[in-house]
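K.L.:
110 is the number that full-length UniProt numbering gives to position 110 of the sequence shown; each next residue is one higher, with no gaps.
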Amino acid sequence: MNPARSAAARAVRAISSSARQPAARTITTAAARAIRASAPVAVRSPVFVQQRGVKTLDFGGSKETVWERSDFPKEKLHKIFANDTFAVLGYGTQGYAQSLNLRDNGLKVIVGVRKGGHSWEAAKKDGWVEGKTLFSIEEAADKGTILMYLLSDAGQKEGWPTIKPYVTKGKTLYFSHGFSVVFPEQTGVVPPKDVDVILAAPKGSGATVRSLFLEGRGINSSVAIHQDVSGQARERAFAMGVAIGSGYLYETTFKKEVYSDLTGERGILMGAIQGAFAAQYDVLRAKGHSPSEAFNETVEEATQSLYPLIAKNGMDWMYANCSTTARRGALDWAPEFYKATKPVFEALYESVENGSETKRSLEENSRPDYRERLEAELREIRESEMWRAGRTVRSLRPENN
Ligand SMILES: NC(=O)c1ccc[n+]([C@@H]2O[C@H](COP(=O)([O-])OP(=O)(O)OC[C@H]3O[C@@H](n4cnc5c(N)ncnc54)[C@H](OP(=O)(O)O)[C@@H]3O)[C@@H](O)[C@H]2O)c1
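1) With C-beta atoms as the reference, is E257 less than 8 Å away from L212?
2) Assuming I198 is part of the alpha helix (DSSP H), what are its boundary residues?
3) From the DSSP output, in three-state form, read off H226 for me.
4) Just to confirm before moving on: does the CB-CB distance between S366 and E185 stay below 8 Å?
5) Measure the C-alpha to C-alpha separation of V242 and P73 and round it to an integer number of angstroms.
6) Report the rounded CA-to-CA distance for G178 versus E375, giving the unit in angstroms.
7) Under a three-way DSSP split, which group does M270 fall into?
8) Hey, would you say R266 sits closer than 8 Å to L348, going by beta carbons?
9) Give the DSSP-derived three-state secondary structure of E215 in the structure shown.
10) My output table needs one value for N400: the three-state DSSP class, helix, strand or coil.
11) By the 10 Å Cβ neighbour count, where 16 or more other Cβ atoms means buried, how is I244 classified, buried or exposed?
12) For D153, verify whether its CB is less than 7 Å away from any heavy atom of ligand 1.
13) Please report how far the alpha carbon of P46 lies from the alpha carbon of I80, in whole angstroms.
14) Out of curiosity, what's the CA-to-CA distance linking A30 and V229?
15) Quick check on H118: buried or exposed, where buried means 16 or more other Cβ atoms within 10 Å of its Cβ?
16) Taking Cβ to Cβ, would you say W67 is nearer than 8 Å to Y307?
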């Protein structure tokens, strides 16, 4: 055994036997054996031992462990990933943001996208250089030790037969969504048993992942481990979460990440909000209110005044800082909306859990005319009276004049 590896094994044993050391993550002796046995495809730096005390916080009465950027300063990231090449496969909004943040963090990054496509041009504009840091998907997958599978979820299904031969022993397969792995009967994505499989899923658009990073802030992300062959997967997954630009990270499983993410975006984050906005707007219009009034009372006041207050101080604070009349009505009507919408959220969760949502998403997003069909649906929203009124209202904001 070489010195680095025996040091690694010692570190693992120290961690495993340190029952009272709160920072001790569950790195088992089986994992240590796996480290010793692992083929040196990606020669890992010695096992990284988390030094700090675990930060356990109270989330509404439940204790949860969180990880923060301060747990992984740059020097630590460089040590952990000293022998790694991050191959970012796909350059959509996440590929773009995560690759640039990794690069700005001083790590070795290459990008793999299909030649001649939209992403290829976008990556070149961002300074990725053909033959040096920009490659075809296959070339990048071959060169990388950490394969960041960031094609669209439908693209991941289609691309898996191409990628799979490069997912070799000792490498790490990384996702930002559990979709492909959680529904293998739909996607065909079954990672080989001899690689670490991890996930860091930013809770926001790639545009925000990048802009918050540039502002010195950080997106919240979840982290999950599907396979820990090396015994280091968990630590490396959290470190990656920080390296791609997260501020704080919480742990989940691949399955829970998919179920909550799909429910959230179909629900309150996007689907429910458009549905509820439109329902209230239509009622106001049917009762004779002008578009200006209906839009202001439905969308503009929400996004410009009240939601930022909820974001900053919570719902009770926002209620406490509106009129007594508004507060009374909101308190009385909130339970009515809860009753009306809870069955819809239950049906939605069921549809996610039984695979209907992923099935539909794969079918729709794999169609050759997917972009045209999507554009037609988005046009319908854009050209609805409510959002046309919105354009005019937005143009009247003083900062837009
Ligand atoms: N968007 C978000 O806010 C968000 C947030 C958290 C997690 N995620 C997850 O992050 C992953 C990436 O999502 P994204 O939104 O960044 O990307 P995306 O826009 O869904 O996908 C775009 C990328 O996939 C490539 N692609 C699509 N189909 C392909 C195929 N058949 N063969 C080769 N390349 C293909 C595109 O290349 P071309 O330009 O060449 O077409 C492009 O580089 C997904 O798993 C997603 O669920 C996304």
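Ideal Cβ positions, reconstructed from N, Cα and C, are used throughout, including at glycine.
This one's a predicted model, so the numbers in the text were calculated from it and none came from an experiment.
P.N.:
According to the structure data:
1) Taking a C-beta distance under 8 Å as the contact criterion, E257 and L212 do not qualify as a contact pair.
2) First-last for I198: 196–202, but that is the beta strand (DSSP E), not the alpha helix (DSSP H).
3) In the structure shown, H226 adopts extended strand secondary structure according to DSSP, grouped into three states.
4) For the pair S366 and E185, the CB atoms are not nearer than the 8 Å cut-off.
5) Taken atom to atom, the span from the alpha-carbon of V242 to that of P73 is near 9 Å.
6) Spanning the two alpha carbons is a distance of roughly 26 Å.
7) Correct three-state label for M270: coil.
8) Pairing R266 with L348 gives a Cβ-Cβ distance under 8 Å.
9) Secondary structure of E215 (DSSP, three-state): coil.
10) Note: N400 maps to helix in three-state DSSP.
11) Answer is buried; the Cβ neighbour count reaches 16.
12) Yes, Cβ of D153 sits closer than 7 Å to a heavy atom of ligand 1.
13) Low confidence applies here, because P46 scores a pLDDT of 42, under 50, leaving its location unreliable and the question unanswered by this model.
14) Bear in mind that a pLDDT of 36 at A30, under 50, signals an unreliable position, so the model cannot answer this.
15) Exposed, since its Cβ has fewer than 16 Cβ neighbours within 10 Å.
16) The beta carbons of W67 and Y307 sit no closer together than 8 Å.
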